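Chemist: Sharing a structure here in structure tokens format.
In the UniProt record's numbering, the protein residues as written are 1 to 143.
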């Protein structure tokens with residue numbers, strides 16, 4: 001029997017390749033990521049922002065993740081949709097404007113759906129969820 005989570009993931013897996021073409025998604029994500037960065041910068045020093053490790057929970061195709069990752073040291077993107085993460089990683093691999101993020105190894109992605117049966121991701125990905133310094137300096141979700 002399919003759960004609502006399964007249906008949601010199936011929907012986003014199918015829509016991943018066209019998600020970035022939705023004008024409202026792009027506009028809202030751009031505004032939200034800018035606001036997230038402004039609030040983070042207002043709460044700490046510029047140096048701390050530059051050296052921070054950030055969690056994007058529900059990162060999808062990376063619309064917010066790429067914008068935030070430009071300003072921080074490291075970003076971990078988590079999403080339940082393997083299709084959305086595959087599209088995010090494809091963009092990292094192929095888009096010239098993202099080459100500096102890829103070269104600096106600034107973004108790691110983790111496919112995971114938190115559920116009662118699976119509260120934590122596979123061990124090889126759990127290291128990213130601990131953050132580089134044992135945690136995250138900021139976590140956000142645009143979902």
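Ideal Cβ placement from N, Cα and C applies to all residues, glycine included.
This one's a predicted model, so the numbers in the text were calculated from it and none came from an experiment.
Residue 92: which of 20, 72, 102 sits nearest, CA to CA?
Modeler: Position 92 of the chain shown, counted from the start, is the residue given in the question as residue 92. The shortest Cα separation from residue 92 among 20, 72, 102 belongs to 102.
Chemist: Tell me, which residues are paired with residue 139 by DSSP?
Modeler: Here residue 139 refers to the residue found at position 139 of the chain shown. Answer is 55.
Chemist: Do the stretch 43–52 and the stretch 12–25 touch if we need at least three Cβ pairs shorter than 8 angstroms?
Modeler: At 8 angstroms Cβ cutoff, the stretches do not touch.
Chemist: Are residue 139 and residue 84 close, meaning C-beta to C-beta below 9 angstroms?
Modeler: On the chain shown, residue 139 is found 139 positions in, with the first residue counted as 1. On the chain shown, residue 84 is found 84 positions in, with the first residue counted as 1. No.
Chemist: Does the Cβ of residue 55 have 16 or more other Cβ atoms within 10 Å, making it buried, or fewer, making it exposed?
Modeler: For the purposes of this step, residue 55 is taken as the residue at position 55 of the chain shown. It counts as buried.
Chemist: Just list the alpha helix (DSSP H) runs in the stretch 5–78, keeping only unbroken ones of 4 residues or longer that don't cross its boundaries, in chain order.
Modeler: Within the stretch 5–78, the complete alpha helix (DSSP H) runs of at least 4 residues are 23–43, 46–50, 63–69.
Chemist: Between residue 88 and residue 61, how many whole angstroms is the CB-CB distance? I'm expecting something under 8 angstroms.
Modeler: Here residue 88 refers to the residue found at position 88 when the chain shown is read from its first residue. Here residue 61 refers to the residue found at position 61 when the chain shown is read from its first residue. That pair is a contact at about 5 angstroms.
Chemist: How far does the beta strand (DSSP E) with residue 109 in it extend, from its first residue to its last?
Modeler: Translated into the one-based positions of the chain shown, residue 109 becomes position 109. That run of the beta strand (DSSP E) goes 107–111.
Chemist: Helix, strand or coil for residue 103 per DSSP?
Modeler: As a working note, residue 103 is residue 103 in the chain shown. In the structure shown, residue 103 sits in a helix (DSSP, three-state: H, G or I).
Chemist: CB residue 107 to CB residue 74, shorter than 9 angstroms?
Modeler: Position 107 of the chain shown, counted from the first residue, corresponds to residue 107. Position 74 of the chain shown, counted from the first residue, corresponds to residue 74. Yes; because the gap between Cβ atoms is below 9 angstroms, this pair is in contact.
Chemist: Less than 8 angstroms between C-beta atoms, sequence neighbours within five positions excluded: which residues of the same chain meet that for residue 34?
Modeler: Translated into positions along the chain shown, residue 34 becomes position 34. For residue 34, where only same-chain residues beyond five positions count, the Cβ hits under 8 angstroms are 67.
Chemist: Can you tell me the Cβ-Cβ gap for residue 29 and residue 64, rounded? I've got them flagged as a contact below 8 angstroms.
Modeler: The residue labelled residue 29 in the question sits at position 29 within the chain shown. The residue labelled residue 64 in the question sits at position 64 within the chain shown. That belief holds up - the Cβ atoms of residue 29 and residue 64 are roughly 5 angstroms apart, short of 8 angstroms.
Chemist: Looking at residue 78 and residue 111, is the spacing between their C-beta atoms short of 9 angstroms?
Modeler: Residue 111 sits at position 111 when you count from the first residue of the chain shown. Residue 78 sits at position 78 when you count from the first residue of the chain shown. Yes, Cβ-Cβ distance for residue 111 and residue 78 is below 9 angstroms.
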